[in-house]
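Numbers -18 to -1, 1 to 887, taken from mature numbering (1 follows the signal peptide of the UniProt record, and there is no 0), label the letters of the sequence shown in order.
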Amino acid sequence: MNFLLLSFLLITTITTTATTLIPHPGNRITIPTWHIQPTTNTNTTYPLNTLNLNLTTPDSHSTILATLLHPQNQPNPIIPPYNESTLFYSTALSTIPTTPFQSPWLYTTTLTLPYSITHSYTNIILSTHGISSRVDIFINGAKIGSISGAYNGQEYDISPEIKEEENEVQVKVYPVDYMRDFGIGWADWNPSPPDMGMGVWRGVEVRGVYGVGVKGLRVVVGDVDVDEVVGGSGGKDVKVRVRGDVRNWGDEGVKGWFMGRVSDNSTDDTSSGVQFAKAVTLRGGEVTTLEAEVTIKNPKIWWPATWGKQDMYTVSANFTLHDGTLSDRAECSFGIRSVSATFTDHGDEKDVSFRVNGYPFHVRGAGYSPDIFLRFDIDRVRTLLQAVLDIGLNTIRLEGKLEHPQFYDLADRMGIMVLAGWECCDKWEAWEYNTDLSKNYPWTNTDYLTAQAMLTHTALTLQPHPCILAFLLGSDYPPNPRAFTLYTTALNHSDWTAPIISSASARIHPSGMKMLGPYDWVSPNYWYGERLGAAYGFGSEQGAGVGTPELPSLRRFLSEEELDSLWKEKNAGMYHMSPAGSQFHTREVYNAALWGRFGEPKSLEEYVFLAQVVDYEATRAEFEAFAVRQNRSGGAATTGGNGGGRAATGVVYWMLNSAWPSLHWQLVDYYLRRGGAYYGVKVGARGVHVAVDYESGEVYVVNHGVKRGEGRVVVVDVVGLDGKRLYHEEVEGVVMGPTMAKKVTSVVPWVGGWDGVVFLRLILKESGGNVLSRNVYTLPAQLDVLVWDESTWYTTPVSEYADFSALRGLPTVEVAVTGKMGGGGGVSVTLENQDKAPAWFVRISMVDEAGGEVDVWWEDNYVSVLGGEKVVVSGRLDNSRKMGIGRMRVVVEGGNVRKTGCYIS
């Protein structure tokens, strides 16, 4: 057996690092690090003139700026010195010069191949997977290829240029222009990174093969028959087709076998599974797709989280020559599941709805953002995906920013669906009918081919993953007919089985999704309207623009002057909002609502507290409205958005997280803290829930699961600010079918029938008393008055705000606190309101003896506790992050609750 010895020696002016790897044929070896240098040479000839700098990438994939900012490369003469604490503080990011990134940069490494390798393997293959966004590649001074497009993956046989021992690999990266290049842009999310994301942002691989290469392994799953046990295994055998692209790199014809094994990931027995083999004859230079059919008996079905297990299989395939020599191999994991989409016509509009394994799948999602410098931290991503599950969401939308393969591996294992697709607002959507672009450079013939190549590579990467719910060919605009044809050709080649959506909006033609806003604050009753972004159809990106970080996070990135401006100047431009010139550079709409509904804040602390109240109320209302309306049916609608009683089929909140420390558009802040917006969703998106329609006072029960519930009890209470009970009702014998919502009662009188602000508490419990959902609202004497006819693409104005100012005058109440630690990092906190008046919006936290906050995944937070009520809130310590020092203490504080606490027993 011959082995490939690949030793990557990083060339630097001071130090040399080496990695020695001895793989079998076909093992993909990722180049571990690169040496980077700037150059003013803009042509594609060799040699390439460079400066003499000692700059090393921290890992196998790192943009230019991510490399320069890494501690190992600080200080350097290219940018001022920064660390993670100073980089995002105030306007520091704006001080990084852009000039160094307006010329090409070089990524260099040395590939060492001994004599035994250069005279053994017939082909040494170099593979790229993501370089942004125009590059030339050189081996020992010879240019072997050029690549355009951030997601373009290509393979090159570098054998003709390889010499014995040391071989220099250089990647010349050109400056990125978002309007001219297929880069990774940010629109109005945050400032563009000064380097525009240029660089090797995904790994580059090298492998040795004996003539025939294998890539693009994927699996086509046949009909999935789910048995009577929901969330269980399949009811009958499943046929899967294993397909892979092969290339004969030689000029002569070859004979061999396409062979391999499909194995169940739940067993460690590597000899188990189903084998396959198929005799193959390839012509010289032939590129084709090979297929083998395999029957899986008693299949294990992959289910979304909370519906069942995430069982996975692995297919390992290779091409073996007729003499028994292994030429190349590939491997991928897959899940057995079915995903489908239906489109319901409503006049000149359509609504898409999804099904997974035959069950209606009501999308509760949020938009994901990678790091602004495209740094990929698997632990950070895992925490963000855990947050998705923790708050009851089931889907992530990727608008471009398609991340690394490990992202989809995590989503597979965690049962989170992914809506993937291309981005808006730049080269990607430079269509003749796109009037939104400041500069619109029409696609060239080369651009069309580049776009097709990028989707081919992307689709082959995503196809095996059961987490994929659909692919969106466009975001704000659909592709033109020529691009659409090339895109579908790419998807068909990859054996794409998930739904394909033309765009996330209904511009140009109905796509099944709507993108009608809002993106800034709207009142809670907005979501129960029948226009624009209200709860009907599929909202692909919308939200009330909230996500104000809590004070500890704010102090990490805002200066004292900026903190003063935050609460004193309602209309001030803020660097950590969207970029200057954007509609979202100020908090004008948001602050008008906060001031108008609660009154002028008297301090920074009060402003931040009220912001958490506003955010909680806003996100809860959005997800509750889409939940309670999921079973509606209605008639035709007109262009411009008219609900007409239509079902709410799904919603994607804008957004889950931010690429940098931001003041809006996030449920989890950059430092992974979770505030009011987060806990509002956690209530509104509960799997089993009870909620009220803000407009009508109708009370609904919601079941997002696939299991039936019977004998439920709904308890409704309304109390005044003095704690006096004004209304009480119990509804027994409530039956909850799978994936449904239904009305169980109405609160009468509703808003306008009470004297001033009141608290509404809804409880859903089992007949034995176990509480399934507890939900407390503050209701005004009059709802916000929406002016629908003056709506913009980002908000609907209010002519008269609901008055909640009385909440700031609530009497101070005493809340007794006890805390207990359980097994496995569990913690239980009991809050008992010892007065008559409600305890309003009580935040629970845990600190160690040094005063540092300990990260806890709380089941509920920012809770309101009625007079005399006792509420138990459980939580789980996040063992993956900082743990406490010494004894830990629970701390509670709220709108009318003095800061207090207790030690954990």
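All C-beta atoms in this analysis are idealised placements derived from N, C-alpha and C, irrespective of residue type, glycine included.
On a predicted model such as this, the values are computed, not experimentally measured, just so you know.
Contacting residues, own chain, Cβ-Cβ under 8 Å from residue i (five flanking each side not counted)
| i | result |
| --- | --- |
| Asn65 | Pro53 and Gln56 |
| Asp394 | Trp284, Gln292, Met294, Ser315, Gly317, His447, Pro448 and Cys449 |
| Glu835 | Pro534, Ser827, Met828 and Val829 |
Residue i and residue j closer than 7 Å at C-beta
| i | j | result |
| --- | --- | --- |
| Ala472 | Leu514 | no |
| Pro86 | Thr21 | yes |
| Ala593 | Arg611 | no |
| Gly181 | Val158 | no |
| Ile867 | Asp837 | no |
| residue 892 | Tyr589 | In the structure as shown, the chain starts at -18 and stops at 887, and residue 892 therefore has no counterpart that could be examined. |
| Val797 | Ala821 | yes |
| Gly190 | Ile106 | yes |
| Gly876 | Val824 | yes |
| Leu645 | His558 | yes |
| Gly691 | Met718 | yes |
| Ser115 | Phe164 | yes |
| Ser102 | Asp118 | no |
Close Cβ partners of residue i (< 6 Å) along its chain, the five nearest in sequence each way excluded
| i | result |
| --- | --- |
| Gly750 | none |
| Ser781 | Val767 and Val769 |
| Gly705 | Lys818, Ala819 and Gly849 |
| Pro63 | Gln56 and Pro57 |
| residue 894 | Summary: the structure shown does not reach residue 894, with the chain confined to residues -18 through 887, and so no result is reported for it. |
| Phe539 | Phe70, Tyr71 and Pro643 |
| Lys725 | Glu680 and Tyr682 |
| Asp502 | Gly527, Val571, Tyr776 and Thr777 |
| Asn462 | Trp413 |
| Phe608 | Ala517, Ala630 and Val633 |
Through-space distance from residue j to residue i, alpha-carbon basis
| i | j | result |
| --- | --- | --- |
| Ala619 | Pro506 | Confidence in Ala619 is poor, its pLDDT being 45 and thus under 50, which makes the residue's placement unreliable; the coordinate value appears in the next sentence. Rounded to the nearest angstrom, the two C-alpha atoms are 23 Å apart. |
| residue 916 | Gln292 | Nothing can be reported for residue 916, as the shown portion of the chain is limited to -18 through 887. |
| Val729 | Tyr160 | 53 Å |
| Glu411 | Gly456 | 7 Å |
| Ser493 | Leu768 | 28 Å |
| Thr333 | Ala517 | Note on identity: in this sequence residue 333 is Asp, with Thr being the wrong assignment. Spanning the two alpha carbons is a distance of roughly 12 Å. |
| Thr94 | Lys145 | 9 Å |
| Arg357 | Asn573 | 33 Å |
| Ala(-1) | Thr15 | Only weak support exists for where Ala(-1) lies, its pLDDT of 38 falling under 50; the coordinates are left without a value. |
| Glu275 | Asn122 | 43 Å |
| Pro561 | Gly555 | 9 Å |
| Val400 | Leu451 | 5 Å |
| Leu199 | Asp227 | 7 Å |
| Asp207 | Ile278 | 13 Å |
Endpoints, the beta strand (DSSP E) within which residue i is located
| i | result |
| --- | --- |
| His328 | Val321 to His328 |
| Asp227 | Val220 to Asn230 |
| Met828 | Ala821 to Val829 |
| Tyr341 | Tyr341 to Phe343 |
| Asn752 | No beta strand (DSSP E) holds Asn752; DSSP gives it neither H nor E. |
| Asp118 | Arg116 to Ile121 |
| Pro20 | His17 to Pro20 |
| Asp139 | Glu137 to Asp139 |
| Met803 | Val797 to Met803 |
| Thr92 | Trp87 to Leu95 |
Rounded Cβ spacing between residue i and residue j (contact assumed at less than 8 Å)
| i | j | result |
| --- | --- | --- |
| residue 888 | Gln434 | Any property of residue 888 remains undetermined from this structure, which presents the chain solely from -18 to 887. |
| Gly666 | Thr601 | 6 Å |
| Pro481 | Ser322 | 7 Å |
| Leu303 | Val236 | 6 Å |
| residue 919 | Leu746 | The displayed coordinates of the chain run from -18 to 887. Any statement about residue 919 would go beyond what the structure contains. |
Proximal residues to residue i (C-beta, below 7 Å), its chain only, five neighbours per side dropped
| i | result |
| --- | --- |
| Pro387 | Thr443 |
| Ile(-5) | Note that Ile(-5) has pLDDT 30, beneath the 50 cutoff, so the model's placement of it is unreliable and no number is given. |
| Val504 | Ala526, Thr777 and Thr778 |
| Thr24 | A caution first: Thr24 carries a pLDDT of 46, below 50, which makes its placement in the model unreliable, though a value can still be read off. Ser85 and Pro86. |
| Ser351 | Trp171, Lys383, Met637, Asn639, Ser640 and Ala641 |
| Phe389 | Val363 |
Where the alpha helix (DSSP H) through residue i begins and ends
| i | result |
| --- | --- |
| Trp577 | Glu570 to Phe580 |
| Ser535 | Leu533 to Phe539 |
| Glu544 | Glu542 to Lys550 |
| Ala609 | Leu586 to Val610 |
| Lys383 | Unbroken run through Lys383: none, as it is neither H nor E. |
| Val370 | Ile360 to Asp372 |
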